[in-house]
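**Student:** For the sequence shown, the numbering used here begins at 50 and goes up steadily by one. We put the beta carbon where it would ideally sit given N, CA and C, even for glycine. Pasting a structure here, questions to come.
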Amino acid sequence: MLVNELKGSPFYMLAALSILVLSLAYQIKAPFLIDVGAPGDARYLDNFHDRETAEGLDYRWSSERSSAVFPDIGGCSSILVSLRLNGHRPADLPDPKVTVKANGRDIGSFLVTEGFETYELAVGGFASGVSGSLKLELHSESFVPHQLNGGGDRRTLGVILDHVSARCQGGIGSVVIPAPLPMILATTGVLASYLLMRWFVRRFWALA
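So this is what it looks like as structure tokens:
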């Protein structure tokens with residue numbers, strides 16, 4: 050019976066429709082935003098320090114090397130990465146230099162000044178791989194408060210991150226390529242649900 054279902058045209062029409070709908074959903078170029086310091090942000094972050102709040106603003110300190118992951122972002126010809134950073138330092142230290150990598154590739158370096166500012170970098174020729182994820186690594190010059198002025202703060206501090214976002218760039222004609230693995234899993238789920246529903250309907254009418 051399963052073989053007959055797979056041979057039927059509705060099965061392939063549903064598969065094609067699922068792929069089309071998912072592909073169209075990827076064309077909505079809304080920014081992917083990680084609000085650092087907000088509840089639930091830890092699932093996207095690695096090697097950041099605990100959440101902090103000051104003057105109504107939630108944030109986290111990075112360490113010498115920290116990362117943020119945007120899952121299932123798809124493939125774009127270009128991505129604009131925005132980071133809202135603060136390079137706060139004791140008075141005798143210079144502004145820290147930060148190098149950003151996207152999926153292991155350097156995309157830029159810059160000095161982060163005192164106070165919150167937004168820093169933007171372009172990721173050209175982006176390839177997200179099978180998973181469709183974008184991993185951003187922040188490599189920052191760091192300091193340890195305890196080594197400078199004593200006290201109990203022995204953390205290695207990089208820069209303060211308030212939020213980070215990634216937006217697909219391009220005009221109306223640009224196309225976002227869906228991430229292969231999420232596309233396969235989603236389409237398989239839809240088709241499996243269809244086959245299961247057909248099986249239940251046949252069983253119901255057979256017992257009626």
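Keeping to the same chain, check which residues put their C-beta closer than 6 Å to that of Thr205; ignore five residues upstream and five downstream.
**Tutor:** Ser112, Glu113, Ser191 and Val193, listed in sequence order.
**Student:** Let me check one thing: in DSSP terms, what residues is Asn198 bridge-paired to?
**Tutor:** Looking at the DSSP assignment, Asn198 forms no beta bridge with any residue, so it has no partner.
**Student:** Confirm, please, whether the CB-CB distance from Phe81 to Ala215 is below 9 Å.
**Tutor:** yes
**Student:** Do the CB positions of Val130 and Glu166 come within less than 9 Å of each other?
**Tutor:** Between Val130 and Glu166, the C-beta gap is not smaller than 9 Å, which leaves the two residues out of contact.
**Student:** What would DSSP say about Thr102, mapped onto helix, strand or coil?
**Tutor:** strand
**Student:** Please check the pair Val213 and Ala117, which I expect to be a contact at CB under 8 Å, by giving their CB distance rounded to whole angstroms.
**Tutor:** 5 Å
**Student:** Under 9 Å, do Val147 and Gly207 count as touching if we go by C-beta distance?
**Tutor:** Closer than 9 Å, so yes.
**Student:** Ser191 bridges to which residues according to DSSP?
**Tutor:** The partner list for Ser191 (beta bridge, DSSP) is empty, contrary to what the question assumes.
**Student:** Run the CB neighbour count on Arg109, radius 10 Å, all protein chains shown included, and call it buried at 16 or more, exposed below.
**Tutor:** buried
**Student:** Distance check for Glu163 and Asp155, CA to CA, integer angstroms please.
**Tutor:** 24 Å
**Student:** Who are the Cβ neighbours of Asp95 in its own chain at under 8 Å, not counting the five residues just before and after it?
**Tutor:** Ser115, Ser116, Ala117 and Val118
**Student:** Could you check if Pro88 is buried or exposed, using at least 16 other CB atoms within 10 Å of its CB as the buried criterion?
**Tutor:** Label assigned to Pro88: exposed.
**Student:** Going by other Cβ atoms of all chains shown within 10 Å of its Cβ, with 16 needed for buried, is Leu142 buried or exposed?
**Tutor:** Taking all protein chains in view, the Cβ of Leu142 is surrounded by fewer than 16 other Cβ atoms within 10 Å, so the residue is classified as exposed.
**Student:** Look at Leu187 and Leu160 and say whether their C-beta atoms are less than 9 Å apart.
**Tutor:** no
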